[in-house]
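Heads up, the thing below is written out as structure tokens.
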Amino acid sequence: MIDINAWTGHWNTLVLKGDVDTVRHALHRYGVNQIFMAPLDAAWCPNPHLYNDVVYEASDRFDDIIPVPIIDPMLPTWQKELDRAIACTKVRLIKLLPGYGGYDLAETDHVLASVGHTDLGIITQVRIDDPRHQHPLAHVPDVSVSSIVEAAERHPGLPIIIGGASTSTLKSVNESLVTLPHLYADTSQLDGMDAIKILVEDGLLSKLLYGSHAPLFMPGASIARILNDLDDAQAMKIMRENTERFLNDGY
Amino acid sequence: MTLSSLREQLLPNGPVLDIHVHPVQCFGPYAVASVQEDVRWLTESAQRSGVTKMCIFSLYPSTPYEPTPDQCRQANDYVLTMRDVAPEIFLPFCYVTPAYPDEAVAEIDRCVRGEQMAGIKLWVARRATDPGLNPIMDQAVQLDVPVLQHAWLKTTGNLPGESTPADVADLARRHPDAQIIMAHLNGAGLRGLEALVDVPNVVVDISGGDPETGMVETAVARLGMDRVVYGSDAPIRHFGVTMNKVLGADISADVKQAILWDNAARILNLDARDRIQND
């Protein structure tokens, strides 16, 4: 199984054990054997690039950890940080956090175009935590999913994952997910009765990628929403095969 | 690890009582043509995640924040019919609004005394500090049924009539003989949970919000293993996602069983209820 959306680090509103070893062990308990890991502390850092070392070092220690560095397109050093990602053969994906970087994806075309000339894909995080639960002095609204779809339309060859969207948010862009060949979504924040079963019935089986959102969310919950409602073949598409195809999209 | 063994790991190894479920008609993802269809959607989904019994309460199909007594009555008739269709699965709760205390008391009499509903449900018409709740709580004590009170602590601001955990604690102190189930552990969060620590007649259900790491462990540590119960809030949330907050928690098997069955069975007097039904 491949987890396309895991993290390591701390979070301001939860008491978490988010160190690399703990996250890795928690996911192994459920049979996850490839972990795409991004640095959680980067979200709140004025220069998120400084936290990318954490996941590069983790990937040096463990073969099953694939680093997902955060790139902030508003920082003047974004190209250098992207070049670092390109130079690391294990990196397959970079992550954008527009909500925390305080930028609009429409302002990032220069970065998206540059990534488009590489073998890398992009995951753009819609939300990390429920706005109703955020610290009262640190509110970060969800990223507009339509801004991600529009970016995918402007860069049709670039593999893009909508990360951390809710079920209703994904339903609102169902048609775009079906028609845009390189646009995918992760499952990390899909909730509600039969949520993934219904998205599959709506034609998204080939576009959903398993994501745990560990350590913020519990890995068992992230898998139950898939495995309890789907047969083995459908589940394996979401938990492995679609991600392998996405990763090959860039080549 | 095989998929088959992973599937087993995600399911309970005993019966599970879900204390917080709504009909699909209220918040569900499907258009419902009949009560029978509602029962089928809900039970099939619940059983895939290992849920055995469900406390069910309707908030009326359009889920108004300020329901009329007639809307409450229709909501209650709906879940009574669900119980008629699947009596071994559904334990209906009586939905009332403290905005109409006299009508609420009459409806509780009809549904709990008359129809043996298992509890009372309060939502967001009035905060739990409102005196309109007093006659409802008095009758709950008299009829020996629990009251499930919705609560959240939203940093974006609660609805005008939406209770906070502190409001629920106030209610519990005003009515120390009442058994209160506060909904939405993850809605209360680490801060809201503290309001309940010294209020022994409140248990918390684990529904509401996302499956955040550590919440169930914290609830058990702060309230004790007897004061935490499984509730999914389906169909708003997924039965199995919420259940795996418990199955995946760093707590003993005994504590998991207490949360998934024993505590709710005790609060609902399930043994006595089953004996009456069998007689």
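Going down the list, the protein sequences come from chains A and B. Going by our numbering, the first residue of the first sequence is number 1, and it counts up by one from there. Going by our numbering, the first residue of the second sequence is number 1001, and it counts up by one from there. Where a beta carbon is used, it is the ideal one built from N, C-alpha and C, also for glycine. Bear in mind the structure is a predicted one, so any value in this text is a computation, not a measurement.
Going by C-alpha distance, which of the options is nearest residue i?
i: A:R29; options: B:N1269, B:A1249, B:L1185, B:D1274; result: B:A1249
i: B:N1076; options: B:I1108, B:V1051, B:T1052, B:I1089; result: B:I1108
i: A:H49; options: A:G116, A:P73, A:V32; result: A:P73
i: A:L14; options: A:D229, A:L97, A:C88, A:L216; result: A:L216
i: B:D1131; options: B:H1175, B:L1193, B:G1192; result: Per the sequence shown, the amino acid found at residue 1131 of chain B is Pro instead of Asp. Checking every option, the nearest Cα to that of B:P1131 belongs to B:H1175.
i: B:M1243; options: B:L1017, B:T1002, B:S1005; result: B:L1017
i: A:N52; options: A:T108, A:L105, A:L82; result: A:L82
i: A:S176; options: A:A165, A:E150, A:M193; result: A:E150
i: B:S1207; options: B:A1188, B:A1125, B:Q1036; result: B:A1188
Residues of chain A with CB closer than 7 Å to the CB of residue i, please, in chain order.
i: B:R1007; result: L227
i: B:R1048; result: N228, D229
i: B:G1189; result: H133
Run down chain B in chain order and give the residues with a C-beta less than 9 Å from the C-beta of residue i.
i: A:H135; result: T1155
i: A:Y30; result: M1001, L1006, Q1009, L1010, G1248
For residue i, which residues from the same chain have a beta carbon less than 7 Å from its beta carbon, with the 5 sequence-adjacent residues on both sides left out?
i: B:E1217; result: A1249, D1250, I1251
i: B:Y1100; result: P1069
i: B:N1013; result: none
i: B:Q1074; result: Y1060
Per DSSP, residue i forms a beta bridge with which residues?
i: A:P67; result: A:M37
i: B:Q1149; result: B:L1122, B:M1182
i: B:P1211; result: Its beta-bridge partners do not exist; DSSP assigns none.
i: A:L208; result: A:A185
i: B:A1140; result: Beta-bridge pairing links B:A1140 to no other residue.
i: B:D1205; result: B:V1229
i: B:K1053; result: B:L1017
Run down chain B in chain order and give the residues with a C-beta less than 7 Å from the C-beta of residue i.
i: A:G192; result: P1029, P1235, I1236, R1237, H1238
i: A:M218; result: P1211, T1213, N1244, K1245, G1248
i: A:Q125; result: Simply none; closest approach about 14 Å.
i: A:P131; result: T1156
i: A:D63; result: Under the 7 Å cutoff, chain B gives no residues; its nearest Cβ is about 18 Å from A:D63.
i: A:P215; result: T1213
Where do the N-terminal and C-terminal ends of the beta strand (DSSP E) with residue i fall, by residue?
i: A:F217; result: No beta strand (DSSP E) holds A:F217; DSSP gives it neither H nor E.
i: A:Q125; result: 121-125
i: B:Y1095; result: 1090-1095
i: A:A6; result: 2-8
i: B:H1020; result: 1017-1021
Between which two residues does the alpha helix (DSSP H) harbouring residue i extend?
i: A:D53; result: 52-61
i: A:F246; result: 242-249
i: B:F1057; result: Counting along the chain, B:F1057 falls outside any alpha helix (DSSP H), and DSSP gives it neither H nor E.
i: B:T1129; result: Run containing B:T1129: none; DSSP gives neither H nor E here.
i: B:A1033; result: Note, B:A1033: premise wrong, no alpha helix (DSSP H); not H, not E.
i: B:L1268; result: Where B:L1268 is concerned, there is no enclosing alpha helix (DSSP H), given that its DSSP letter is neither H nor E.
i: A:K90; result: First-last for A:K90: undefined, no H or E at that position.
Under 6 Å Cβ to Cβ from residue i, same chain only, skipping five residues before and after it: list those, please.
i: A:G9; result: G18, P39, L40, D41
i: B:V1203; result: I1181, R1227, V1229
i: B:G1192; result: L1153, P1165
Starting from the beta carbon of residue i, find every residue of chain B whose beta carbon is closer than 8 Å, and list them in chain order.
i: A:A224; result: L1010, S1049, H1238, G1240, V1241, M1243, N1244
i: A:V15; result: L1190, G1214, T1218
What does residue i touch in chain A if you count any residue whose Cβ is under 9 Å from its own?
i: B:S1045; result: M193, D194, K197, N228, D229
Taking only heavy atoms of the ligand MG into account, decide whether any of them is closer than 7 Å to the Cβ of residue i.
i: A:A6; result: In the structure shown, the ligand MG is absent, as is every other ligand, since no ligand is present at all.
For residue i, which residues of its own chain have a beta-carbon under 8 Å away from its beta-carbon, when the five flanking residues on both sides are left out?
i: A:P131; result: H139, V140, P141, D142
i: A:M236; result: none
Give me the chain C residues within the contact set of residue i, using Cβ-Cβ distance strictly less than 7 Å, ordered along the chain.
i: A:D232; result: The structure shown contains no chain C; its protein chains are A and B.
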